[in-house]
Every structure is written in structure tokens, then in C-alpha cells.
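So for the sequence shown, our numbering puts the first residue at 224; every next one is plus one. Beneath this line is the structure, given in C-alpha cells, with notes to follow.
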Amino acid sequence: MCRILCAMCTAFILMLPHGVQAKTLTFGVVPQQSAKKMAKSWQPLFEYIENYTGFRIDFQTAKDIPTFEANLANGEYDIAYMNPFHFVVFNSSVGYKALAKQKDKRLQGIIVVHKNSGIQSLSELNGAELVFPAPAAFAASIVTSAKLRNEDIAFVPRYVNSHDSVYLNVEKQFFIAGGGIYRTLQSSPAQQSLRVLWESPLYTPHAIASHPRLSEDDRKSIINALISISSDASSVDILKNLGMNGFVEADDSHWDDVRELGISSLSRPHS
């Protein structure tokens, strides 16, 4: 049924009057990895959405997470894949509204060390310089840093541009430990050199959300496309490429567990 619908949507696009262009929607993705790697992973999904909806999807990201945050604040993305903390902040400040979240997924922060490291407990990180993706990376930075502070473990945070950069820095032993998440660790070339020292409780995962300028009809079209791909057996490789198993429709309230952490602003101490 899904393939029939997609074929009908493609036919509709081909039948557009001469000179009439499909609506273009910008889709921003949080820069957890290099832009080249992310484009390769996400482009098949965008092509599916284009065929299903008749929209043109323009993939965008940013050179680093702070720039991505600035773009969200400026409303530069019609749709965005953002971490749970970003969603809570920009749902409140800009009005981004939840569309979907990953199916059967909860997010977990991890702290990794080199596999040959003798470190066996968090207390052994006391006084060390530790590496994180960015101050507002939810599971990889916020959750892991909060755990260390709650354990009265002093540390100096150093921020790099992506999760991949964290893993590379720990692999090369420039830092003794760093923060990340399982999904990006499992796709990192450095994975074989690293060991998970600690993992956090589970939280609602990243949000796919829309800017308030997007109409309800357009929102529903995107939601339907994301739900459709989740049940389309012919598209399993698209989801596998993303390290996901599908999407479900989401409501803003699904991120109340993140709101309960009491973090409401991007401005906060970095230690």
C-alpha cells in the first residue's frame, strides 16, 4: 500500500503544471557526526519523504552544535531533528512542535574510556580534563556532566564539534574519557578502541519537530510519511542506514521527563 501511495505522489509531482515547483522544506539535523556522513545517512529518508509528500526536502546541518542552536533560535529550519534538551528549549522559546520520535527508543548517555585504560570507576576521573561534543548535547554532555557533578567529581570539560571527535580524542588518548551515546559510538571507526565506563538512565529520544510556520496539513503529511516508512518492508535499509527502527507520532508532553531535570536555558555553567 505504501509503495502505491509513493508512486501516486511521484506521479502527482510529474503532473505539476509547467513552471510550478514543489514546495521546499528545510530539514536541519543536529551535527553529531561529519556533514558528509550525515548526508549519506539521511538523504535516503529525505527522498522517501519527497516521494510520499510531493515536497522537496533540503538537507541542512551546521558546522557544530552551537551553530545548530543559533539556527534553531533563528527559525532557519522548517523541520529539525534535535536532541531532547534542544526540543525543550526551542519548544518553549521558538515554538517548535513535535512531529515524531524514534520508535521503541530511549536515549542513554555514556562515558567512554580507552579499552586499555585501567580506569574502572567514575571517581578515578576526578580532576581530569574530559571531552564532550558540545555544552548542550543532551545525553552526551548534559546527562554525563550532571552525573559527575552529583558524585562530587571535579573535572574540566573540553568541547569538540561532534560525537565522532569525542571518540577519536579518547581513542588517540588525548583525553582519558569522554561523553557520547550508543548510536554514534556504534557507528564510529574508533568503537573497537573504546570501552563504556558508565551509562545513564533512559530518557525520551531526539525529536523531529516543525517550526510554527509549518501548516497543520504539511505537518500531517510529514508525520504520515515517517509512520509509513516504519511499516514499509521495502524501506528497511533506509532506517538501518540511520541506525533506527522506525518512527511514531509524538506530542510535546513526551519530553516532560527532560523538563523535570529543570534545565530551561542554553546558558549554564560548563563545569
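C-beta: ideal position from N, C-alpha, C; glycine also. Predicted model only: the values in this text are computed from it and were never measured.
Which residues DSSP lists as bridging Gly-251, in chain order: Gln-283 and Ala-303
DSSP three-state assignment for Asp-475, whether helix, strand or coil: helix
Own chain partners of Val-366 with C-beta closer than 6 Å, once the 5 adjacent residues on each side are dropped: Gly-332 and Ser-423
Contact belief for Phe-378 with Leu-348 at Cβ below 8 Å, rounded distance in angstroms: At roughly 6 Å, the Cβ-Cβ gap stays under 8 Å, so Phe-378 and Leu-348 are in contact.
Backbone secondary structure at Lys-328 - three-state DSSP: It is coil, neither helix nor strand.
Buried versus exposed call for Leu-420 [16 or more other C-beta atoms within 10 Å across all chains shown]: buried
Where Ser-364 sits in the DSSP three-state scheme: helix
Cβ-based burial, Gly-485 [other Cβ within 10 Å; buried from 16]: Classification for Gly-485: exposed.
Top-ranked residue by Cα proximity to Ile-272, from Asn-384, Leu-449, Ala-296 and Leu-345: Leu-449
Cβ-based burial, Tyr-390 [other Cβ within 10 Å; buried from 16]: By the 10 Å Cβ count, Tyr-390 comes out buried.
Segment limits, beta strand (DSSP E) that includes Phe-378: 378-382
Meets three-Cβ-pair contact criterion under 8 Å: the region 276-286 and the region 439-448: yes
Residue(s) in a DSSP beta bridge with Glu-352: Val-379
Closest by C-alpha distance to His-309, when choosing among Leu-425, Lys-328, Ser-264 and Val-252: Cα-wise, what sits closest to His-309 is Val-252.
Distance between Phe-291 and Thr-284 (C-alpha atoms, nearest Å): 7 Å
Pairwise C-alpha distance: Val-383 and Ala-360: 11 Å
Distance between Ser-433 and Ile-452 (C-alpha atoms, nearest Å): Ile-452 and Ser-433 have their C-alpha atoms some 19 Å from each other.
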